[in-house]
Amino acid sequence: MVKKQKHTILVLEDDRQLVSAVREALGEHGFEPIMVSTVEDGIKELEKGKHIDVIWLDHYLLGSGNGLDFVVQMKNHPEWKNIPIFVVSNTASAPNIRSYLELGISNFYTKADHDITQIIGDIERSLEGKN
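For the sequence shown, full-length UniProt numbering begins at 1 and goes up steadily by one.
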């Protein structure tokens, strides 16, 4: 029997309570989560060269820079530009959502309107389509 390979998910989230819940939920669904809270730490994780299957991204992060800054840096890097990005944020302003979509993210979720398991299910389905 072939063991299903764990997908690695880079999570950029600054809310400590949510970090804990997301880490636990992703682990329960067989993901290997890497948790960071700044754009700089997210880029450092990508630079390590470990294969990242998908990104879970909040708009507001600690430090300088926000989720849009992170997406711009990713999309300008040939090795990272095709990693699926799921933005999960309470920042649901139309201009922000439009900016993310124009940059080519996979999906945008408003935290208050979506359950963690629903978002993880969408991520799993997107990865199944790639295999």
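In this text, a Cβ means the ideal position worked out from N, Cα and C, and glycines have one as well.
Does the stretch 2 to 19 touch the stretch 42 to 50, meaning 3 or more C-beta pairs lie closer than 8 Å?
yes
Quick one: grab the DSSP three-state call for residue 96.
As a position in the sequence shown, residue 96 is number 96, starting the count at 1. Residue 96: helix per DSSP, three-state reduction.
Helix, strand or coil at residue 18 according to DSSP, with G and I counted as helix:
By 1-based counting over the sequence shown, the position of residue 18 is 18. Three-state DSSP puts residue 18 in a helix.
Between which two residues does the beta strand (DSSP E) harbouring residue 139 extend?
Lying before the first or after the last residue shown, residue 139 is absent from the chain, which here runs from 1 to 131.
Going by the CB atoms, is the gap between residue 96 and residue 111 shorter than 8 Å?
Here residue 111 refers to the residue found at position 111 when the sequence shown is read from its first residue. Here residue 96 refers to the residue found at position 96 when the sequence shown is read from its first residue. Result no, Cβ atoms of residue 111 and residue 96 do not sit closer than 8 Å.
Looking at the structure shown, is residue 89 part of a helix, part of a strand, or coil, going by DSSP?
Taking the sequence shown and counting its residues from 1, the one referred to as residue 89 is at position 89. Per DSSP, reduced to three states, the secondary structure at residue 89 is strand.
Quick one: using the 10 Å Cβ neighbour count with 16 as the cut-off for buried, is residue 58 buried or exposed?
Position 58 of the sequence shown, counted from the start, is the residue given in the question as residue 58. Buried is the call here.
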